[in-house]
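One structure is given below, encoded as structure tokens.
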């Protein structure tokens, strides 16, 4: 199973970005998908997840600003990030969970300038 994340970049505070993550080699519709983020020296933590049935959950820091969605026909999960803040600066990773197995993408850098 391979995950390929994209969509990161440099934006100004208040702007938006949309991250994408394509999953290869699994039955995507069976996966619980999630986005995590990590800054240097700190642990990676979950920003949002979406179940195979479409239920979603968000970290408090993402609630109301970020939206996770999935397109099973494209084997892709998205993270729409609005009203970005400098503290959102991190490497964002997508994660796929299929039963007991979890897989990570390579990460995409998001930098928000003030």
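In the numbering used here, the protein residues as written are 5 to 118.
Idealized CB from N, CA, C, for every residue including glycine.
| Item | Value |
| --- | --- |
| Could you round the C-beta distance between residue 88 and residue 18 to whole angstroms and report it? I think they count as a contact, below 8 Å. | 7 Å |
| Relative to the C-alpha of residue 38, which residue among 29, 62, 31 and 30 is closest? | 62 |
| Using a 10 Å radius around the Cβ and a threshold of 16 neighbouring Cβ atoms, would you call residue 97 buried or exposed? | buried |
| Below 7 Å CB to CB, which residues in the same chain sit around residue 34 once its five sequence neighbours on both sides are set aside? | 56 and 102 |
| To the nearest angstrom, report how far apart residue 43 and residue 117 are at their CA atoms. | 15 Å |
| Can you give me the start and stop residues for the beta strand (DSSP E) that residue 21 sits inside? | 21-28 |
| May I have the straight-line CA-CA distance separating residue 107 from residue 31, to the nearest angstrom? | 13 Å |
| Mind checking which residues open and close the beta strand (DSSP E) that includes residue 36? | 36-42 |
| Out of curiosity, what's the CA-to-CA distance linking residue 22 and residue 68? | 15 Å |
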